[in-house]
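Undergrad: Before anything else, here's the structure in question.
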Amino acid sequence: MLDKLDQVFVLLLHWIVGFLPVFLRPATSVVLCVVTIVCVFPALFAICVLLERKGLGRIQNRYGPNRVGPFGIFQPLADGVKSLTKEDIVPLSADAVVHFLAPVVLVVAAFLGFAVLPMGRNMVLVDMDTSLLFYFAIGASTELSVFMAGWSSRNKYSLMGAMRAVAQMISYEVPLLMSSVVVVMMTGSLSLVKIVEVQNQYTHGLPHWYIFTPWGFAAFLLYATAGTAETNRSPFDLPEGESELVAGYFTEYSGFKFALFFLGEYLAMLSISGLGATLFLGGWSAPFSFLTWVPSWIWFFSKMMLSIAVFIWLRGTLPRLRQDQLMNFAWKFVLPLTLANLFVAAAWRFMGEGWLRWVVCSAVLMAIYGLMARIGMRREHLGPRTYRYAE
Amino acid sequence: MLGEGIIKGLAETAKNFFGSYVSKERLTTVQYPEERIAPIEATRDFPFLVYDGDDWEAGLRCTSCQICEKECPPKCIYIEKSKDKKPDFTGRPQFYPARFDIDISVCMSCQICVEVCPFESIKMDTEFELATTDRFGGLLLDRKQLAKSNAHYHKIHPTEATLVDAHLAEEKAKADAKTKATADAAKAKAAAAAAAGEGA
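Residue numbers (the working numbering), protein chains in the order written: chain G, 1 to 391; chain P, 392 to 591.
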């Protein structure tokens, strides 16, 4: 019975497809899966927006939205109606085609990432051997759409926001990839399905998740940092810093295109959380061996929503960074740490079983972190600034 | 240590988050249309015209001297002087505004009209729910809409209104004394003339 519940979506798909002639079955099943993904994640987006507004309100000792429906639960609906009925304005001097394509490309790229995420046992749309590589290749194309939006709007704020976004996203793509590479090193596979399967084992009732190893923990923290920056979330929300750039690259967007940007941002957040859960938190596997009867997809989605909650918590806590701080942080702190972590992971791999590797790897990581922090936080003497005007 | 501040901040926000569910005192916001905070005494937004007594038309303090109209920086006051005169609070006949409009969509709430008014007739109101569906006619307030009683003024700015009342009473007393003095002088003069006539 519980096995059936675990596989309920897979069985449902097989049942529906069973009515069709054989030659139609593969195409139909793919279409059905895609439609499901395209419906489920925007629904999650609506829930996320509500949770975010509520959560931020509570963090700031407010109620948050509480007018539309009981406890404001229909607020996303009201937001949707509002953005759909608003006038769609395209600036006169904007490049209309690119201006239209940018939000579409963003959302499509964000959706493509979900194709390779295993959302439960046997629940993955495309089981590629190189799905991690595919994910990062697709993830990089969001930069393109952001720049398309900024450039085509023909607005200084849009362009500034887009330049910032591109600089930031390319910088943080490197540590994001590097922190994921340790997982590939340990698993020996780029397939996300395989990565989850390796983590889905238990000793003394505890899972073999990568976060419960020194290198995995470090990689997870670095991944979370880089992922936050990659999705333009606060405290790394410089591309859309509203106090400096109106709204950054989507300043000139209104109505439903604006909503699409919003959707794209949250989809990216959901997919980066999903990937993080897959790589370090054991994907759809249960946190304790006695909880394995709970359907696998419940675990995946709860891990995803937990990550979203942390995103919201961080947004409610941290102030925005400055551009130079952001860049220094990426290249001088996060990237060296990810590189060091690669060596630590290699050492872990070749030290064999036993407590020694725990001590050595943890100590090395702590030492590197302490050292890097000390170097990074060293106060340089700031004298009066000298300016030279351009002649 | 690097990251310590982040942990501290996260603890603080978590405390706020859970605290807001436990203690009502934390939630400082007011659920506006249902709950309201009484405005503080210094609150002021748009001008209104003060009238004495019960009849707003008869009791208007404004003598349509048009100083406020001339001084208004964004020129949002429109006044038409009356043809006839009516007695003011001291009993002296004065002009009154046949038309007194303030376009509050133009008004910048600078309070200069209040400062220049020599008759204590224009004061600042605290009414802020002025939203209307008609942005031209709805925001052009005429003298009937602007007229508010002295009691209302006492309610919104008690200290200031008391001072104004004292000032007006003083003015009235002075005016009364003056009329009395002139009357007395006239009477004395008449008496003297009568006495002189008798003597002659």
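Even for Gly, the Cβ is constructed at its ideal location relative to N, Cα and C. No experiment lies behind these values; they were computed from the predicted model shown.
1) Interface residues of chain P around residue 389 of chain G at Cβ under 9 Å?
2) For the segment 461-485 of chain P, which residues have a beta carbon sitting closer than 8 Å to at least one beta carbon of chain G?
3) Terminal residues of the continuous alpha helix (DSSP H) containing residue 506 of chain P?
4) Provide the residue(s) that pair with residue 471 of chain P in DSSP beta bridges, ordered along the chain.
5) Using a Cβ-Cβ cut-off of less than 7 Å, list which residues of the segment 342-366 of chain G approach chain P; keep chain order.
6) So, are the CB atoms of residue 326 of chain G and residue 42 of chain G less than 8 Å apart?
7) At the level of alpha carbons, what is the spacing between residue 199 of chain G and residue 413 of chain P?
8) Taking 8 Å as the threshold (beta carbon to beta carbon), is residue 397 of chain P in contact with chain G?
9) According to DSSP, what are the bridge partners of residue 485 of chain P?
10) Would you report the Cα separation of residue 158 of chain G and residue 258 of chain G, rounded to the nearest angstrom?
11) Under the three-state reduction of DSSP, which class applies to residue 269 of chain G: helix, strand or coil?
12) Can you round the beta-carbon distance between residue 498 of chain P and residue 465 of chain P to whole angstroms, since I take them to be within the 8 Å contact cut?
13) Of all the options G/26, G/331, G/359 and G/353, which has the alpha carbon lying nearest to the alpha carbon of residue 376 of chain G?
14) If I follow the unbroken alpha helix (DSSP H) through residue 440 of chain P, where does it start and stop?
15) Should residue 542 of chain P be labelled buried (16 or more other beta-carbon atoms within 10 Å of its own) or exposed?
16) Which residues of chain G have a Cβ atom closer than 9 Å to the Cβ of residue 419 of chain P, listed in chain order?
17) What residue range is occupied by the uninterrupted alpha helix (DSSP H) comprising residue 367 of chain G?
18) Just to confirm my understanding: we take residue 51 of chain G, look at its own chain, exclude 5 residues before and 5 after, and list those with CB closer than 6 Å. What are they?
19) Can you pull the chain P residues whose beta carbon is under 8 Å from the beta carbon of residue 377 of chain G, in chain order?
20) Between which two residues does the beta strand (DSSP E) carrying residue 515 of chain P extend?
21) Anything in chain P within Cβ reach of residue 51 of chain G, meaning under 8 Å, just list it in chain order.
22) Using a Cβ cut-off of 8 Å (strictly closer), state whether residue 411 of chain P contacts chain G.
23) Would you kindly work out how many angstroms separate the C-alpha atoms of residue 556 of chain P and residue 441 of chain P, rounded to a whole number?
24) Taking C-beta pairs closer than 7 Å, name the residues in chain P that residue 316 of chain G reaches, listed in chain order.
25) Closest by CA to residue 253 of chain G, which one among G/83, G/175, G/298 and G/72?
26) In angstroms with no decimal places, state the Cα-to-Cα distance between residue 210 of chain G and residue 9 of chain G.
27) Just reading off the beta strand (DSSP E) that residue 593 of chain P is part of, what are its end residues?
28) Given the structure, does residue 173 of chain G come close to the ligand SAM, in the sense that its CB is under 7 Å from one of the ligand's heavy atoms?
TA: According to the data block:
1) In the first sequence, the residue the question calls residue 389 of chain G occupies position 389. By Cβ distance, chain P contributes nothing, its closest Cβ being about 37 Å from residue 389 of chain G, past 9 Å.
2) For the segment 461-485 of chain P, which is checked against every Cβ of chain G, not one residue is closer than 8 Å.
3) Along the second sequence, one-based indexing puts residue 506 of chain P at 115. Looking at the DSSP string, the run of the alpha helix (DSSP H) that includes residue 506 of chain P is 503-507.
4) For this step, residue 471 of chain P is matched to residue 80 along the second sequence. For residue 471 of chain P, which the question treats as bridged, DSSP gives the partners P/490.
5) The residues in question: there are none.
6) Here residue 326 of chain G refers to the residue found at position 326 when the first sequence is read from its first residue. Here residue 42 of chain G refers to the residue found at position 42 when the first sequence is read from its first residue. No; because the gap between Cβ atoms is not below 8 Å, this pair is not in contact.
7) The count along the first sequence starts at 1 and reaches residue 199 of chain G at position 199. The count along the second sequence starts at 1 and reaches residue 413 of chain P at position 22. Between the alpha carbons of residue 199 of chain G and residue 413 of chain P lies a distance of about 39 Å.
8) The residue given as residue 397 of chain P occupies position 6 in the second sequence. It does: the Cβ of residue 397 of chain P has a partner Cβ on chain G nearer than 8 Å.
9) One-based indexing of the second sequence puts residue 485 of chain P at position 94. Looking at the DSSP assignment, residue 485 of chain P forms a beta bridge with P/477.
10) For this step, residue 158 of chain G is matched to residue 158 along the first sequence. For this step, residue 258 of chain G is matched to residue 258 along the first sequence. Taking the straight line from one Cα to the other gives about 13 Å.
11) For the purposes of this step, residue 269 of chain G is taken as the residue at position 269 of the first sequence. Of the three classes helix, strand and coil, the one that applies to residue 269 of chain G here is helix, per DSSP.
12) The residue you call residue 498 of chain P lines up with position 107 of the second sequence. The residue you call residue 465 of chain P lines up with position 74 of the second sequence. Between residue 465 of chain P and residue 498 of chain P the Cβ distance is about 7 Å, and since that is below 8 Å, they are a contact.
13) Locating residue 376 of chain G in the first sequence gives position 376, where the first residue counts as 1. The residue with the shortest Cα to Cα distance from residue 376 of chain G is G/331.
14) To locate residue 440 of chain P, count along the second sequence from 1; it is residue 49. It is not in any alpha helix (DSSP H) - residue 440 of chain P instead sits in the beta strand (DSSP E) that spans 438-442.
15) Along the second sequence, read from residue 1 onward, the residue named residue 542 of chain P stands at position 151. Exposed, because fewer than 16 other Cβ atoms sit within 10 Å of the Cβ of residue 542 of chain P.
16) Mapped onto the second sequence, residue 419 of chain P falls at position 28. Near residue 419 of chain P (Cβ distances below 9 Å), the residues of chain G are 61 and 62.
17) Numbered from its first residue, the first sequence carries residue 367 of chain G at position 367. The continuous alpha helix (DSSP H) containing residue 367 of chain G extends over residues 355-377.
18) For the purposes of this step, residue 51 of chain G is identified with residue 51 of the first sequence, where counting begins at 1. Beyond the five residues adjoining it in sequence on each side, residue 51 of chain G comes within less than 6 Å, by CB distance, of no other residue in the same chain.
19) Locating residue 377 of chain G in the first sequence gives position 377, counting from the first residue. The CB of residue 377 of chain G comes closer than 8 Å to the CB of 393 in chain P, given here in chain order.
20) Along the second sequence, read from residue 1 onward, the residue named residue 515 of chain P stands at position 124. The continuous beta strand (DSSP E) containing residue 515 of chain P extends over residues 513-515.
21) Against the first sequence, residue 51 of chain G aligns to sequence position 51. Listed along chain P is no residue with a C-beta nearer than 8 Å to that of residue 51 of chain G; the closest approach is about 12 Å.
22) As a working note, residue 411 of chain P is residue 20 in the second sequence. Between residue 411 of chain P and chain G, the shortest Cβ-Cβ separation is below 8 Å.
23) Along the second sequence, read from residue 1 onward, the residue named residue 556 of chain P stands at position 165. Along the second sequence, read from residue 1 onward, the residue named residue 441 of chain P stands at position 50. If you take the alpha carbons of residue 556 of chain P and residue 441 of chain P, they lie about 12 Å apart.
24) Mapped onto the first sequence, residue 316 of chain G falls at position 316. Result: 404.
25) As a first step, residue 253 of chain G is located in the first sequence; it is residue number 253 there, counting from the start. Ranked by Cα distance from residue 253 of chain G, the options G/83, G/175, G/298 and G/72 are led by G/83.
26) Residue numbering aside, residue 210 of chain G sits at position 210 when the first sequence is read from its first letter. Residue numbering aside, residue 9 of chain G sits at position 9 when the first sequence is read from its first letter. Their Cα atoms are separated by approximately 28 Å.
27) Shown here, chain P extends from 392 to 591; a query on residue 593 of chain P therefore has no answer.
28) Within the structure as shown, the ligand SAM is missing, as the structure has no ligands at all.
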